[in-house]
Structure formats: structure tokens, C-alpha cells
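Some notes on the structure that comes next.
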Ligand SMILES: NC(=O)c1ccc[n+]([C@@H]2O[C@H](COP(=O)([O-])OP(=O)(O)OC[C@H]3O[C@@H](n4cnc5c(N)ncnc54)[C@H](O)[C@@H]3O)[C@@H](O)[C@H]2O)c1
């Protein structure tokens, strides 16, 4: 099923070049800005951050280090939406701060690419999805793992009928403790589930091809509490799909900083006629240097000749392709808002200690 959107206004998407701005210029937002600034058919037309110094520094780094024309820094979102001439924005604010800039940008007639998770509550996810429908502008969620070829291959083997239906999946994702204690200034306002399981819930819903109807979750606390971070060290969630498939997800945030990559990442998927085991923690490469061991990640983001490659690139290219071609993004808010309902149910289960019945409203 696809959604009808209004045809693009004359003089915007039909142009060869797209004008894109970035809201929130932290780690991810600066990466979006750099990517847009390095595209031949995109103009990076503005940056904004709650912390203006953060956006100013990002603009200077983009110009100084990457030779990107210095983008204007705006001090109010209204100014950016009115004066930058943007056709689209990337929103990379913290997990809990997506709704306001997303809805305002959609209402101003811009297409929006928002970082995962779409939102932290079903209410916010619905409001954003509804704003996209009303405005006739695309809202795509950057679930970039969908563009990692091995996940796509599993999806295609299931969907073609070759592997039959997904029976059970298990995933584990673990960040080094640097992530919640130093990298994120807002770890207490999200969780390992919102931050990590969001990726795998999206992938496994895509494999299962059906709605999540029941969730049970358990959490363990201690290490982060002792570090002054009000967050679970680990969250295990078990979900049931309407078609009887089951899956479990583990997310943890306390790996020692000596671990050879930011994220350890593992998944297995068992189908009626096929099984896949994926170790994304190592990706087949271990590097030993005089003072450290590394597991470089080449599937999501890597650099070559000063440019960004990997699934991050493919996801962002998909966004501009969908704007130009007028087709619904693979990870439109409508299609993935159920990830948010499932994540919210995981937290309701953590709070109550009980299973939670949910209907994640699977969006094809
Ligand atoms: N796709 C991925 O693999 C991936 C990886 C890491 C983070 N993320 C997601 O990206 C988003 C950003 O994460 P990050 O690590 O870059 O965080 P960050 O803290 O480095 O950056 C967030 C920035 O947003 C700014 N900000 C906060 N509220 C704002 C507002 N209302 N308007 C404008 N700016 C605002 C903050 O000042 C900060 O500079 C999060 O949703 C996160 O989960 C995605």
C-alpha cells in the first residue's frame, strides 16, 4: 500500500538541485550536514542548534575541514523554515526532541528526514505521521540498517517465499559505557532500548512482515546508576507478532571502553526454510595496532577519499530519490511508527513487570 501525496510545488523538488538544512548539529546532525554539503546535487542551506555555538562550530568545521561552502547558521527554527529556502530538513535532535521541529518543518511544506527512533511515544509518532499526511510531504526515519546488504538479503529471501516465514529472531546490541556516560548528554532521558533496540525492532518487523501484538521486558540496573546516569544497564525484550513469529532483543550500555568498537552487534534469524547468523560486531575484520585492537565497521559508515559511505549514505540518497521521484520512502513514518509503539510497550512492561498487549499498527 502506498500513500497519495500532493504533487510537489512548482520550482522545488522538480529542480535538479535540492536545498537541505539540518536541525540539531551534534554528532549525527553534523554527519548529515557534511553528507548533504558534499553532494553534487544538494545545497546545504542552513544549520540550527539549540546551542548556537554548536551549530557555528559545525559550520566552521564543514568549511575548514571539508571545503563545503559555509552554511548559514540560524537562531530560530521559524527563520530557518522561512528564509533558508530549504526544500527539506534533516532533524537530528535528541530522541525526546523530534516532534516539534519535525511537525513545524512539515507544516512549513518541507520534506523531513528524522533520526531514529521516530519518537519516544505513540502520541508523538502519530502527530508526526499525521502532519506528513496533511502536508503531503514525506517524513522518512533514518533506519539506515535497512540499506545494509545482508539484512536486505534476509528480507528478500523471506519475502520471495524462498525461506518461508520468519519463526524466531534474536538480537543483541551493546554500546561501550562511554556512550551513555560521556557521548550522550541526555542518556537519562532515553534508554538503551530507544537508542539501540530501535534499529533491530525495525529490521525484525520488516522480516516478520506483521504486527507486534505482545511485549514483555525486563531490565537490570546498577552500573549506570552508580555513575549518576538514571538508566537501565540492560534491557531484554520479548515480542510476539500477530502471525505467531517471536523475537527477543537485548540492549546494553555498559561494555568496558576497551571493547574494540562502540557497538557490539549480533543477530540471528530463523525462518521455516533458512537461517542467518549475523555478527556485525566484527564484520569479519579485527585490526591489531601497537596500542589497541579495533573492529572497524564498514557497513554503516566509513570514509573514503574524504567522503561518507555505507548504509548511512544509501539511506540519505534514498530520501532525496523519493523526494525527486515522488515515491514513499521505504522507512516512511507511516511504515515504521509501529517501532515506537513497540518501544513504548517495552517501557510500559519494564514499569509494570507485566506483559503488555499492544497493536503496533504494522504499516506494510
Ligand atoms: N542512525 C544512527 O545510527 C544513530 C546513531 C546515533 C544517534 N542517532 C540518533 O540521532 C539523534 C541525535 O543524536 P546525537 O548523538 O547526534 O545527539 P547529540 O547530543 O550529539 O546532538 C543533538 C543536538 O541537538 C541539539 N538540540 C536539542 N534540542 C534541539 C532543538 N529543539 N532544536 C535544535 N537543536 C536541538 C543539541 O543541542 C545537540 O547539539 C538521536 O535521535 C539519536 O538517537 C542515530
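In the numbering used here, the protein residues as written are 4 to 367.
Just so you know, even glycine gets a beta-carbon here, dropped at the ideal spot from N, CA and C.
Suppose you measure from the CA of residue i to the CA of residue j; what does that come to, to the nearest Å?
i: residue 9; j: residue 109; result: In this predicted model, residue 9 has a pLDDT of only 44, less than 50, meaning its place in the structure is not dependable enough to derive any value.
i: residue 373; j: residue 78; result: Not covered by the structure: residue 373. The range shown for the chain is 4 to 367.
i: residue 211; j: residue 343; result: 16 Å
i: residue 359; j: residue 65; result: 46 Å
i: residue 276; j: residue 363; result: 27 Å
i: residue 71; j: residue 31; result: 17 Å
i: residue 352; j: residue 322; result: 34 Å
i: residue 221; j: residue 237; result: 8 Å
i: residue 96; j: residue 278; result: 37 Å
i: residue 256; j: residue 19; result: 43 Å
i: residue 170; j: residue 35; result: 36 Å
i: residue 349; j: residue 285; result: 28 Å
i: residue 268; j: residue 274; result: 20 Å
i: residue 248; j: residue 124; result: 24 Å
i: residue 199; j: residue 144; result: 15 Å
i: residue 89; j: residue 113; result: 7 Å
i: residue 296; j: residue 38; result: 28 Å
i: residue 340; j: residue 292; result: 43 Å
i: residue 99; j: residue 208; result: 22 Å
Closest by CA to residue i, which one among the options?
i: residue 172; options: 31, 157, 186 and 183; result: 157
i: residue 23; options: 31, 30, 44 and 342; result: 44
i: residue 314; options: 303, 324 and 321; result: 303
i: residue 333; options: 345, 346, 317 and 343; result: 317
i: residue 153; options: 272, 20 and 55; result: 272
i: residue 150; options: 202, 192, 191 and 103; result: 202
i: residue 234; options: 254, 324 and 84; result: 254
i: residue 335; options: 68, 131, 300 and 217; result: 131
i: residue 142; options: 111, 199, 261 and 166; result: 111
i: residue 294; options: 263, 337 and 287; result: 263
i: residue 251; options: 76, 206, 128 and 292; result: 206
i: residue 258; options: 81, 175 and 242; result: 175
i: residue 193; options: 209, 121 and 243; result: 121
i: residue 58; options: 227, 26, 104 and 215; result: 26
i: residue 187; options: 73, 265 and 115; result: 265
Just checking residue i against ligand 1 - is the residue's beta carbon closer than 7 Å to any of the ligand's heavy atoms?
i: residue 189; result: yes
i: residue 176; result: no
i: residue 51; result: yes
i: residue 104; result: yes
i: residue 147; result: yes
i: residue 198; result: yes
i: residue 63; result: no
i: residue 119; result: yes
i: residue 127; result: no
Would you decide whether residue i is buried or exposed? Buried here means 16 or more other CB atoms lie within 10 Å of its CB.
i: residue 87; result: buried
i: residue 196; result: buried
i: residue 163; result: exposed
i: residue 204; result: buried
i: residue 52; result: buried
i: residue 347; result: buried
i: residue 189; result: exposed
i: residue 118; result: buried
i: residue 280; result: exposed
i: residue 239; result: buried
i: residue 7; result: Its pLDDT being 44, under 50, residue 7 is placed unreliably by the model, and the measurement read from it follows with that caveat. The residue in question, residue 7, is exposed, as its Cβ has fewer than 16 Cβ neighbours within 10 Å.
i: residue 290; result: exposed
i: residue 310; result: exposed
i: residue 85; result: exposed
i: residue 13; result: Bear in mind that a pLDDT of 40 at residue 13, under 50, signals an unreliable position, so the model cannot answer this.
i: residue 93; result: buried
i: residue 5; result: Below a pLDDT of 50, predicted positions are generally treated as unreliable, and residue 5, at 44, falls in that range; the measurement from the model is reported next regardless. By the neighbour-count rule (16 or more Cβ atoms within 10 Å), residue 5 is not buried but exposed.
i: residue 183; result: buried
i: residue 355; result: exposed
Any beta carbon of chain C sitting closer than 8 Å to that of residue i?
i: residue 202; result: You won't find chain C in this structure, because it holds only one protein chain.
_Secondary structure, alpha helix (DSSP H): runs of 4+ residues fully inside the segment 290-329_ = Qualifying alpha helix (DSSP H) stretches, in chain order: 314-328.
*In chain order, which alpha helix (DSSP H) runs of at least 4 residues are fully inside the segment 107-172?*
Along the length of the segment 107-172, whole alpha helix (DSSP H) runs at least 4 residues long occupy 125-138 and 152-162, reported in chain order.
*asked:* So within the segment 184-235, which uninterrupted alpha helix (DSSP H) runs reach at least 4 residues, ignoring any that extend past its ends?
replied: 201-211 and 226-229
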